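Quick notes on the structure that follows.
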Amino acid sequence: MNIWMQLGIEKTNDIRAIKKAYASLLKQTHPEDDPEGYQQLREAYDKAVQWARTHQDSDSSTIQEPSAEHDHLVQSTYKQDSRQNLHLEKGPGLTLAEDDESDNHKKLHLLSRLNWQQAVIEENNIVKEFMEQTAKLYSNFAMRVELKNWMELMNRPAVWNISMQEEIGERLLDFLEEHHYLPPAVWSLLERTFNWAQQMEEDDSYFATRYPRVYFHMFSASFETDEGYTWLGRYADKDMEHYLFCRAAAYSELMMGEMKEAGSRIVQAMELIQDDADLLRIRIQYHMLNEEREQAAALCSSWLQNRPDDKTVHLLYFRLLETDKDAQENEAYLRQLLERYPTETQLLLAAARLDMKRQEWEQAESFCQTVLRSQPAHAEAILLLAEVQTMLLEKGKPEQRTLLNLELGRWTTAVRVKRFFGILLREKWPVMLLMGLLCVVIWYTYPSTTGHLLTEYLRPTEIHEVKTGADLSSLQPGDPVHVYAKGGTYTDMQLLNWVHGETFIMSSAKAKANNVFNASGYLYVVRLGQYSVPVSVNYETATKLYNNQPAELTGNAYPLPSDQLGVIKKKMLGYASNSLEGYPLTSYYIQAKEGKALSTLPPAPSIIKFYVFLILLLFTFFLQGVYQAWKFGRY
Numbered sequence: 001m002n003i004w005m006q007l008g009i010e011k012t013n014d015i016r017a018i019k020k021a022y023a024s025l026l027k028q029t030h031p032e033d034d035p036e037g038y039q040q041l042r043e044a045y046d047k048a049v050q051w052a053r054t055h056q057d058s059d060s061s062t063i064q065e066p067s068a069e070h071d072h073l074v075q076s077t078y079k080q081d082s083r084q085n086l087h088l089e090k091g092p093g094l095t096l097a098e099d100d101e102s103d104n105h106k107k108l109h110l111l112s113r114l115n116w117q118q119a120v121i122e123e124n125n126i127v128k129e130f131m132e133q134t135a136k137l138y139s140n141f142a143m144r145v146e147l148k149n150w151m152e153l154m155n156r157p158a159v160w161n162i163s164m165q166e167e168i169g170e171r172l173l174d175f176l177e178e179h180h181y182l183p184p185a186v187w188s189l190l191e192r193t194f195n196w197a198q199q200m201e202e203d204d205s206y207f208a209t210r211y212p213r214v215y216f217h218m219f220s221a222s223f224e225t226d227e228g229y230t231w232l233g234r235y236a237d238k239d240m241e242h243y244l245f246c247r248a249a250a251y252s253e254l255m256m257g258e259m260k261e262a263g264s265r266i267v268q269a270m271e272l273i274q275d276d277a278d279l280l281r282i283r284i285q286y287h288m289l290n291e292e293r294e295q296a297a298a299l300c301s302s303w304l305q306n307r308p309d310d311k312t313v314h315l316l317y318f319r320l321l322e323t324d325k326d327a328q329e330n331e332a333y334l335r336q337l338l339e340r341y342p343t344e345t346q347l348l349l350a351a352a353r354l355d356m357k358r359q360e361w362e363q364a365e366s367f368c369q370t371v372l373r374s375q376p377a378h379a380e381a382i383l384l385l386a387e388v389q390t391m392l393l394e395k396g397k398p399e400q401r402t403l404l405n406l407e408l409g410r411w412t413t414a415v416r417v418k419r420f421f422g423i424l425l426r427e428k429w430p431v432m433l434l435m436g437l438l439c440v441v442i443w444y445t446y447p448s449t450t451g452h453l454l455t456e457y458l459r460p461t462e463i464h465e466v467k468t469g470a471d472l473s474s475l476q477p478g479d480p481v482h483v484y485a486k487g488g489t490y491t492d493m494q495l496l497n498w499v500h501g502e503t504f505i506m507s508s509a510k511a512k513a514n515n516v517f518n519a520s521g522y523l524y525v526v527r528l529g530q531y532s533v534p535v536s537v538n539y540e541t542a543t544k545l546y547n548n549q550p551a552e553l554t555g556n557a558y559p560l561p562s563d564q565l566g567v568i569k570k571k572m573l574g575y576a577s578n579s580l581e582g583y584p585l586t587s588y589y590i591q592a593k594e595g596k597a598l599s600t601l602p603p604a605p606s607i608i609k610f611y612v613f614l615i616l617l618l619f620t621f622f623l624q625g626v627y628q629a630w631k632f633g634r635y
């Protein structure tokens with residue numbers, strides 16, 4: 001089958017299009033499910049890429065060839081049958097000189113083509129030799145783990161030859177996909193040399209699908225360390241590929257939670273090598289995930305006796321000891337590690353948490369700040385610092401709180417107040433101006449419409465203390481009064497103040513018949529000094545007076561019309577035991593039904609009410625401005 005048909009695309013020299021077609025088909029053809037189909041697809045891809053590189057600057061059916069005049073390839077469809085002579089027959093119009101010139105041009109053309117083909121062959125040989133050197137270096141484990149050997153290989157002229165670099169990079173990726181046990185420093189060197197990170201960014205899905213192992217080792221966090229590979233260099237005589245496979249498989253199974261399989265791989269790896277630091281960390285993690293803390297701690301302790309400078313194991317050991325009950329011993333170990341590794345984030349945060357328990361807030365803040373100086377976005381450090389600074393604000397001295405607020409970017413109280421009023425005036429000055437103008441209008445309008453100053457409405461109502469009926473004669477109609485009375489005579493009549501200011505006196509029966517009984521007051525006659533005073537009271541006060549109990553009356557004094565005064569006198573004369581003799585009836589009565597004194601000032605006119613409504617409406621906008629200024633002024 002034609003390679004282009006296998007790839008499902010038209011013949012092209014666009015390597016990117018070939019790669020995309022290959023990546024798309026690769027998702028459907030897995031090497032484990034269909035090894036034969038995968039092999040055919042791979043061969044088609046390799047041939048297509050090789051053809052595209054050879055015809056990079058040509059059409060799909062022609063090849064640019066070198067020109068003697070321009071020293072570069074030009075399109076040509078020149079073909080020659082081997083049975084024909086290089087000298088063409090001369091046409092009838094062809095001179096001898098023209099024939100010689102044509103022969104020379106053909107010879108130069110063929111020579112240029114041969115030179116170009118020879119250059120391609122030489123480049124292929126150089127690339128092939130480079131890959132052979134790469135395979136040789138990889139096969140020698142002791143040399144493989146040394147970064148300097150890879151640096152020497154990467155410094156070869158072929159790597160930096162523009163025409164060969166891409167080809168070498170492609171072949172090296174294919175090689176590394178099958179031979180991927182390298183120190184992290186070597187992976188970093190290779191990535192920088194061939195700029196594979198940019199290729200990955202341009203087409204992440206293609207790169208990850210085409211080179212999954214390379215993708216993992218180069219762009220994913222790994223448990224492997226350069227020091228670990230260097231240490232393993234002494235075991236070059238062992239089956240290192242099998243060991244590294246078992247170690248990597250153990251880590252992978254551990255990360256997926258397959259504890260049984262991970263344990264099996266650890267055992268297989270330990271059959272070859274027991275003192276690998278990278279494998280030890282996997283073993284410690286295995287015991288920790290299995291809740292086997294004692295075994296994990298024993299591994300750490302034993303390892304550190306032989307390698308006391310292993311920072312990673314120290315940190316794992318401290319992590320195990322953090323939850324132990326012996327806090328004093330753990331603290332001593334923490335201080336020891338901090339002296340050795342003063343910038344280690346895990347230790348700094350542990351020290352901060354310890355100081356927070358002791359309420360040593362300043363020291364805890366210092367540890368958090370140290371972490372954030374190197375890692376400004378560290379989430380745990382930010383949260384701990386926020387908690388520490390909250391406590392410092394609550395319990396610190398005033399000068400400490402001021403400094404802390406400045407450190408947090410918070411304004412002082414004076415600055416916040418200034419900002420608050422500045423924002424409020426800037427945003428709501430028209431509203432405040434209108435409110436002020438309306439207040440001035442109301443101030444000057446009130447006297448002209450009511451005859452009273454606005455200040456009179458603002459003053460509390462003056463209540464007159466009445467001790468005797470004679471005091472009522474000196475009052476103005478409607479003046480507020482306050483009276484103490486004890487006992488009285490119920491007239492069996494109700495007093496009703498009509499809405500227009502008229503006063504009606506009627507019998508209780510008539511009040512009930514006209515459905516105004518509840519709106520009217522009980523009409524009693526009480527004695528104040530040497531006078532009898534009519535009072536209109538509510539049911540509660542009427543009960544007290546009826547039972548001859550003291551009652552406190554607060555209300556307003558009004559004059560009674562003479563006819564109604566006569567009705568009360570006539571009613572009182574009917575009670576022989578309650579004669580008015582010696583206690584004349586006053587011409588004023590006290591309206592105390594509501595239990596409070598009413599103001600004598602006239603109600604506000606409609607125009608004033610309208611102005612007040614406008615002020616309240618503007619005040620709502622003003623309050624919105626206050627809220628906004630408060631929000632911005634806090635920060």
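Taking the UniProt record's numbering, the leading residue of the sequence shown gets 1, the next gets one more, and so forth.
Beta carbons are placed, not taken as given, at the ideal position from N, Cα and C, and that holds for glycine.
Since we're looking at a predicted model, the values are computed, not measured.
Residues of its chain near Ile-18, where Cβ-Cβ distance is below 8 Å and the 5 sequence neighbours each way are ignored = Leu-7, Ile-9, Thr-12, Tyr-45, Ala-48, Val-49, Ala-52
For Tyr-558: DSSP bridge partner residues = Tyr-589
Proximity winner among Ile-505, Lys-570, Met-572, Ile-608, relative to residue 651 (alpha-carbon distances) | Lying before the first or after the last residue shown, residue 651 is absent from the chain, which here runs from 1 to 635.
Taking the C-alpha atoms as reference points, what is the distance between Lys-571 and Tyr-457?
-> 40 Å
Enumerate in chain order the residues of its own chain whose CB-to-CB distance from Trp-303 is below 7 Å, with the five nearest sequence positions on each side excluded.
-> Taken in chain order, the residues that qualify are Leu-280, Asp-310, Val-313.
Give me the Cβ distance between Tyr-611 and Gln-530, rounded to the nearest whole Å; I'm assuming they're in contact under 8 Å.
-> Actually they are not in contact, since the Cβ atoms of Tyr-611 and Gln-530 sit about 50 Å apart, beyond 8 Å.
Where does Asp-479 sit, in a helix, a strand or coil, going by DSSP?
-> coil
How many angstroms separate the CA atom of Trp-4 from the CA atom of Phe-141?
-> Answer to the nearest angstrom: the Cα atoms are 40 Å apart.
Which first and last residues belong to the beta strand (DSSP E) in which Gly-521 is found?
-> 521–528
With distances taken from CA atoms, which of Leu-573, Arg-459, Thr-345 is nearest Glu-380?
-> Thr-345
Anyone know if the C-beta pair for Glu-271 and Ala-262 falls short of 7 Å?
-> In this structure, Ala-262 does not lie closer than 7 Å to Glu-271 by Cβ.
Use the C-beta contact count for His-452: other C-beta atoms within 10 angstroms, 16 or more gives buried, fewer gives exposed.
-> exposed
Which listed residue (Ala-509, Glu-123, Ala-158, Gln-369) has its alpha carbon closest to that of Leu-384 | Gln-369
Strand pairing of Tyr-181, partner residues [DSSP] | DSSP output for Tyr-181 lists no bridge partner at all.
Out of curiosity, what's the CA-to-CA distance linking Thr-390 and Ala-352?
-> 15 Å
Would you say the region 278–292 touches the region 220–227, given that touching needs at least three Cβ pairs under 8 Å?
-> The region 278–292 is in contact with the region 220–227.
When you compare each of Glu-552, Leu-585, Gly-555, Ala-551 to Gly-566 by their alpha carbons, which one comes out closest?
-> Leu-585
Taking the alpha-carbon positions, what's the Ser-606 to Asn-547 distance?
-> 46 Å
Which listed residue (His-482, Ala-511, Tyr-138) has its alpha carbon closest to that of Leu-495 = Ala-511
Taking the Cβ atom as the reference point for each residue, do Leu-545 and Gly-488 lie within a distance shorter than 7 Å?
-> yes
Whole angstroms is fine: what's the gap from Arg-340's alpha carbon to Glu-241's?
-> Rounded to the nearest angstrom, the two C-alpha atoms are 36 Å apart.
Buried or exposed for Asn-2, please, with buried defined as at least 16 other CB atoms from any protein chain shown within 10 angstroms of its CB.
-> exposed
If Tyr-317 sits next to Ala-298, beta carbons under 8 Å apart, how far is it from one beta carbon to the other, in whole angstroms?
-> Rounded, the Cβ-Cβ distance is 10 Å, inconsistent with contact.
Taking the DSSP output, what are the residues bridged to Pro-534?
-> Val-525
What do you reckon, are the CB atoms on Gly-521 and Thr-600 nearer than 7 Å?
-> no
Candidates Ser-205, Val-388, Ala-269, of which the one nearest Thr-243 by Cα | Here residue 243 is Tyr; the residue named in the question, Thr, does not match the sequence. Closest option to Tyr-243, Cα to Cα, is Ala-269.
Where Met-255 and Ile-282 are concerned, what is the direct C-alpha to C-alpha distance, given to the nearest angstrom?
-> 10 Å
Sub-7 Å separation of Asn-538 and Lys-467 beta-carbons = No, the Cβ-Cβ distance between Asn-538 and Lys-467 is not below 7 Å.
C-beta contact flag for Leu-618 and Val-431 at 7 Å = yes
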